[in-house]
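Engineer:
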Amino acid sequence: MNNLIQQLKNMNFNEYEAKAYISLVKLGTVTAYQVSKDSGVPRARIYEILDVLVEKGIVIKEEIDETMQYSPLPVNVFLQKVQANWSQNFKDISMSLKEIERIETMPTNRVMTLKDQETIISYCQTLLKKAKKRIMISMWNDMYDVLKEDLEEAAKRVDIKGLTIHVENPISQLDTHRLTQYTQAPTTEHWFILSIDAQEMIYGPSIEARNLAFYTNDPVHIYLLEDYIWHDVLVNRIVKSSKEDLDQWISVERKMFFES
2 MNNLIQQLKN MNFNEYEAKA YISLVKLGTV TAYQVSKDSG VPRARIYEIL DVLVEKGIVI
62 KEEIDETMQY SPLPVNVFLQ KVQANWSQNF KDISMSLKEI ERIETMPTNR VMTLKDQETI
122 ISYCQTLLKK AKKRIMISMW NDMYDVLKED LEEAAKRVDI KGLTIHVENP ISQLDTHRLT
182 QYTQAPTTEH WFILSIDAQE MIYGPSIEAR NLAFYTNDPV HIYLLEDYIW HDVLVNRIVK
242 SSKEDLDQWI SVERKMFFES
């Protein structure tokens, strides 16, 4: 019950209004006294609260047998009314915010830190929908699985290039990273890169490990990270096409390169 009251409060009901409406739904057509008794709303406030609900159009007030009684709007009608109001409010807010948004005032080239998992995912989904020509990615399975449906939908409109790591059945245009000691190691960071039209990019560590990512429209960042993806794709293609065991050689060379 407390959860339902809180949900109604999230829809601009105060606590007394929420309790009174819930009691009416439960009791049907009753007097203000009965609503007060069931809901716990003080008798000194119940008439005022019910009048507010009448004004909102979700309670019907009528005189029956010389007694003022109150009835709730049927639940299905109430829910339809709430949904219609929410949809209209969402539409109005969207239009108003888009009208006042001034993209031209933003810095031309920037790097912005994104925190919060939902924000990061929403940014990625927005970019995938926004892509007009090409999408380039480098993704481990954790991030790919989150964006799988969005990537598949985007692939119907634009080219998607890049590679995936530990992803089962990725989009056919993507290269699959070979299994190596590095990719198999549990300590290896699961980074991701998502670039669209060589204009905008989001990159960062696995959202399962850290709620952190970076958005940029800076051409230098985008060039360097897209070039990194290409080199990763190229190395994978060379190793896969070679008859020699290049992975062992790469492993040794990598260790020597990064040693202090």
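Numbering (this note's numbering), first residue to last: 2 to 261. Cβ atoms here follow ideal geometry from the backbone N, Cα and C, with glycine treated the same way.
Compare the C-alpha of S196 against each of C125, F259, A186, K149 and name the closest.
Structural biologist: Ranking the options by Cα distance to S196, first place goes to C125.
Engineer: Considering only the alpha carbon of each residue, which of P75, I50, A33, K38 lies closest to E64?
Structural biologist: Ranking the options by Cα distance to E64, first place goes to A33.
Engineer: Whole angstroms are fine: how far does the CA of E201 sit from the CA of Y216?
Structural biologist: C-alpha separation (whole angstroms): 7 Å.
Engineer: Rounded to a whole number of angstroms, what is the C-alpha to C-alpha distance between K62 and M2?
Structural biologist: Using only the alpha carbons, I get a separation of about 25 Å.
Engineer: Looking at the strands, I want to know which residues DSSP matches up with E201.
Structural biologist: According to DSSP, which records beta bridges pairwise, E201 is partnered with I197.
Engineer: Can you tell me whether DSSP reads T30 as helix, strand or coil?
Structural biologist: If DSSP states are grouped into helix, strand and coil, T30 belongs with coil.
Engineer: If I'm right that D151 touches L129 with Cβ under 8 Å, what's the distance once you round it to whole angstroms?
Structural biologist: That belief holds up - the Cβ atoms of D151 and L129 are roughly 5 Å apart, short of 8 Å.
Engineer: Name the two residues that bound the continuous beta strand (DSSP E) containing W141.
Structural biologist: Where W141 is concerned, the enclosing beta strand (DSSP E) stretches over 135 to 141.
Engineer: For E49, which of A155, A21, Q8 has the nearest alpha-carbon?
Structural biologist: Checked all of A155, A21, Q8; the closest Cα to E49 is A21.
Engineer: What first and last residue would you give for the alpha helix (DSSP H) that runs through F1?
Structural biologist: Because the chain here runs from 2 to 261, residue 1 falls outside it and cannot be looked at.
Engineer: Within 10 angstroms of its Cβ, does G163 collect 16 or more other Cβ (buried), or is it exposed?
Structural biologist: Burial call: buried.
Engineer: Name the one or two DSSP bridge partners that A214 has.
Structural biologist: Partner(s): L115.
Engineer: Whose C-beta lies closer than 8 Å to the C-beta of D233 among residues of the same chain, with five residues either side of it excluded?
Structural biologist: If we look at D233 and ignore the five residues flanking it on each side, its Cβ neighbours are S139, L164, H178.
Engineer: Buried or exposed: P187, going by 16 or more other Cβ atoms within 10 Å of its Cβ?
Structural biologist: With fewer than 16 Cβ atoms within 10 Å of its Cβ, P187 is classed as exposed.
Engineer: Report the option in D52, V55, Y17 whose CA atom is closest to the CA atom of S40.
Structural biologist: It is Y17 whose Cα lies nearest to the Cα of S40.
Engineer: Using CA atoms only, rank isn't needed, just tell me which of K133, E245, V31 is closest to E67.
Structural biologist: Among K133, E245, V31, the Cα nearest to that of E67 is on V31.
Engineer: Residues in the same chain with beta-carbon distance under 8 Å from E209, minus the five sequence neighbours each way, listed in chain order, please.
Structural biologist: Within the same chain, E209 has close Cβ partners D143, H191.
Engineer: Helix or strand or just coil, what does DSSP make of K130?
Structural biologist: Reduced to three states, the DSSP call for K130 is helix.
Engineer: For K38, write down the residues that DSSP places opposite it in a beta bridge.
Structural biologist: Its beta-bridge partners do not exist; DSSP assigns none.
Engineer: So, is Y145 buried or exposed, given that buried needs 16 or more other C-beta atoms within 10 angstroms?
Structural biologist: Flag for Y145 reads buried.
Engineer: Are there 16 or more other CB atoms within 10 angstroms of the CB of S97, so buried, or fewer, so exposed?
Structural biologist: Exposed, by the Cβ-count rule.
Engineer: What three-state label does DSSP hand P73 in the structure shown?
Structural biologist: In the structure shown, P73 sits in a strand (DSSP, three-state: E or B).
Engineer: Could you check whether I122 and W141 sit closer than 7 Å to each other, using their CB atoms as the reference points?
Structural biologist: Not a contact, by the Cβ cut-off of 7 Å.
Engineer: Quick check on the burial criterion: 16 or more other C-beta atoms within 10 angstroms. Buried or exposed for A155?
Structural biologist: So A155 counts as buried.
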